[in-house]
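Count the sequence shown with this note's numbering and you get residues 14 to 155, in order. For glycine and all other residues, C-beta sits at the position ideal for the given N, C-alpha and C. Just so you know, these numbers come straight off a predicted model, no measurement behind them.
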Amino acid sequence: MPFDRRNYPNSMKNLDKEVRDKAIDIINAMLKEGYDEDNAIPIAISQAKDWANNASKAELKEIRKKDLKDHEKSKNKPGARLQEANVGVSYNYDKEKWQVKSQKATQAEGYYDSKKDAKKRAEEIAENRGSKVITKTKEESK
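As structure tokens, this is what we get:
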């Protein structure tokens with residue numbers, strides 16, 4: 014069920030109107046992609062706050078006019094498919110760096126100079142998802 018300006022989660026009631034509208038917009042898009050509502054709400058709130066801190070006055074004004082329920086399902090974004098995927102740490106020989114990449118993902122989340130840094134980031138992602146970290150050695154990454 015999409016949310017709107019009158020029907021939204023209780024956790025959004027104390028947000029500024031513009032931040033709340035952006036959070037509703039984000040959560041509706043995430044729900045359309047197949048994300049679980051319980052996971053989507055805190056992500057949407059966090060992203061909306063970040064957006065508001067960097068938004069221009071025109072953007073803040075525009076979000077108040079937007080139809081918050083109008084979202085098309087993206088054909089190319091993995092969204093919910095990766096939400097519970099295990100996170101892998103492996104060595105990328107082309108970039109000569111350690112990469113963090115979700116299983117079934119087409120792109121790495123990031124590249125790190127040390128295995129320790131890559132593993133730390135993978136553990137953060139896995140903890141948020143409730144999934145596992147799978148670490149490979151340089152030899153296993155070939």
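In the DSSP assignment, Q112 falls within the unbroken beta strand (DSSP E) covering 110-115.
In the DSSP annotation of this structure, N20 is not part of any beta strand (DSSP E), being labelled neither H nor E.
The C-beta of D17 has fewer than 16 other C-beta atoms within 10 Å across all chains shown, which makes the residue exposed. Taking the C-beta atoms as reference points, K114 is found nearer than 8 Å to E122.
N141 and S103 have their C-alpha atoms some 20 Å from each other. If you look at S59, you'll find it in the alpha helix (DSSP H) that goes 50-67. For N41, the enclosing alpha helix (DSSP H) starts and ends at 30-46.
Within the segment 99-155, the complete beta strand (DSSP E) runs of at least 3 residues fall at 100-105, 110-115, 123-125, 146-148. When the beta-carbon positions are compared, R77 and K128 stay at least 8 Å from each other.
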